[in-house]
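Working notes, structure below.
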Amino acid sequence: MTDTWDTIADWYADLVHHGSAMHRFAREVLLDALPADMSGLRVLDVGCGEGLISRATAGRGAQVVGVDPTARLIERARAIERTAATGATYRVDDGCTLATVAEGWADWVTAGLSLNNVPDLGAAIASVRRALVSGGQLAFTVPHPKAGFA
Ligand SMILES: C[S@@+](CC[C@H](N)C(=O)[O-])C[C@H]1O[C@@H](n2cnc3c(N)ncnc32)[C@H](O)[C@@H]1O
Numbered sequence: 017m018t019d020t021w022d023t024i025a026d027w028y029a030d031l032v033h034h035g036s037a038m039h040r041f042a043r044e045v046l047l048d049a050l051p052a053d054m055s056g057l058r059v060l061d062v063g064c065g066e067g068l069i070s071r072a073t074a075g076r077g078a079q080v081v082g083v084d085p086t087a088r089l090i091e092r093a094r095a096i097e098r099t100a101a102t103g104a105t106y107r108v109d110d111g112c113t114l115a116t117v118a119e120g121w122a123d124w125v126t127a128g129l130s131l132n133n134v135p136d137l138g139a140a141i142a143s144v145r146r147a148l149v150s151g152g153q154l155a156f157t158v159p160h161p162k163a164g165f166a
């Protein structure tokens, strides 16, 4: 799956950056599940892509780390951060292992349209659970085949 994402990384980042109705909608649905004020909270954004969700939670005051196995998307996220700093940081990492994330680091894990892309959902959920503090929460979106967007 990562190979595929590497080949379409720039296309995807441009699509999201120039405003895609579906991605805007999915972002708003996910953000609705989060506290309005995230000051003092640590957020791990799994499958962060070019940082759409990471920037939004950083804007709510959270300390945000975005991870994604697609190196080109992490480059794009970092490039956006250099031009409009939110404080979010980005790392290449696989959601199935989250090898760069310490146990119990995150108060929240966000996963916007990414859990449907991992090759082993069970491994990803186990990794998310390990990354969360006790009582921490996962907020995610996945596409539905019957969803339609104008
Ligand atoms: C539809 S994009 C969503 C990106 C971003 N969250 C957003 O809302 O724009 C799916 C993302 O899942 C990532 N992905 C693919 N395999 C993954 C894995 N094993 N672990 C974590 N993310 C993965 C892709 O690289 C891609 O960035």
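Residue numbering for the sequence shown follows this note's numbering, starting at 17 and increasing by one per position. Heads up, the beta-carbon is just placed ideally off N, CA and C, and yes, glycines get one too.
Around the beta carbon of P85, a 10 Å sphere encloses 16 or more other beta carbons of the protein chains shown; the residue is thus reported as buried. Per DSSP, S150 is not a residue of any alpha helix (DSSP H); the beta strand (DSSP E) it occupies stretches across L148 to T157. For D123, there is no enclosing alpha helix (DSSP H); the enclosing beta strand (DSSP E) covers residues A122 to G128. With a threshold of 16 other beta carbon atoms within 10 Å, A72 meets it and is buried. Rounded to whole angstroms, the Cβ separation of R88 and D19 is 12 Å, and the two are not in contact under 8 Å. In this structure, the CA atom of R92 is about 5 Å from the CA atom of E66. Around the CB of H160, fewer than 16 other CB atoms lie within 10 Å, so the residue is classed as exposed.
Comparing alpha-carbon positions, the option among S55, R145 and G103 lying closest to S70 turns out to be G103. Taking a C-beta distance under 8 Å as the contact criterion, V144 and V62 qualify as a contact pair. Under the DSSP assignment, L57 falls outside any alpha helix (DSSP H); it carries neither an H nor an E label. Taking the C-beta atoms as reference points, G128 is found nearer than 8 Å to L68.
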